[in-house]
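Read through the structure below, which is laid out as structure tokens, and then see the notes.
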Amino acid sequence: MIEVLVTLVILSVGLLGVASLQFVGSFANKEALARTQAIMVSAQMTERLHASTVASRVTDGFVIHNNYVDENFYNFKNLSCVGSTPPYECHCLTIPAGIPKCQTGECIAADLAVFDAYQMSCSVVRENANATLEVSCNDSDTTDIDACTAGSIHTIMVKWSVQSWRGDFKKSNTNCNDDGNSDFDCVVKQVAL
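Numbering follows UniProt numbering, with no gaps: position 74 of the sequence shown is 74.
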């Protein structure tokens with residue numbers, strides 16, 4: 001009889017271990033999903049930047065419209081939402097009035113940049129409401145009319161908050177934590193057009 005009790009104790013400890021592994025694994029899966037989504041969005045944003053290039057009027061090479069690097073068009077900064085509705089449900093299920101309707105193919109470059117920023121912002125928050133998208137430029141010539149001169153490096157960053165399974169925060173990537181106290185992970189892609 002004592003052998004049966006010892007066997008039950010050993011079996012129950014083993015099952016608790018398996019349950020713990022499943023629990024910890026679910027956090028790793030969530031992190032992997034966030035990273036995969038970020039990689040896909042950054043790759044798609046890179047393709048949109050390449051597709052929208054035009055010959056520079058100032059230098060040799062290609063440039064994008066200045067709206068592509070205007071942070072006010074990303075993460076729904078130029079839109080408002082009533083209540084505490086998640087961003088995807090609030091802004092992405094139907095196209096808001098302030099966003100150009102570029103599906104018909106009748107957009108100028110400025111409108112296409114705003115539309116691309118909107119669509120990519122929707123892609124970012126679809127799976128993770130706390131994720132953000134940033135497109136910036138390290139302009140090699142700040143004296144010309146282009147926000148990002150031909151040959152300059154464009155940086156695409158998809159950023160999201162992270163938390164470990166024990167509730168303590170981790171810092172996975174120093175590029176993602178501007179102030180040193182934030183707890184974000186990100187995917188950073190740099191491209192020259």
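Yeah, the Cβ is synthetic: ideal placement off N, Cα and C, and Gly gets one too.
Looking at Ile64, Ala38, Val6, the one whose alpha-carbon comes closest to that of Asp185 is Ala38.
For Leu133, the uninterrupted beta strand (DSSP E) run begins and ends at 132-138, by DSSP.
Here Gln190 carries a strand assignment [DSSP, helix/strand/coil]. In the displayed model, Asp141 falls within coil according to three-state DSSP, outside both helix and strand. Within 10 angstroms of the beta-carbon of His50 lie fewer than 16 other beta-carbons, which makes it exposed. Contact check between the segment 64-78 and the segment 133-152: three or more CB pairs, one atom from each, fall below 8 angstroms, which counts as touching. As computed with DSSP, Asp185 is found in a beta bridge with Trp160. Counting only the Cα atoms, Ile2 lies some 20 angstroms from Leu15. Here DSSP, grouped into helix, strand and coil, assigns Ala55 to strand. By the criterion of a C-beta distance shorter than 6 angstroms, Ala34 is surrounded in its chain by Asn128, Trp160, once the five residues flanking it on both sides are discounted.
From the listed residues Thr104, Gln163, Ser152, the smallest Cα separation to Phe62 is found for Ser152.
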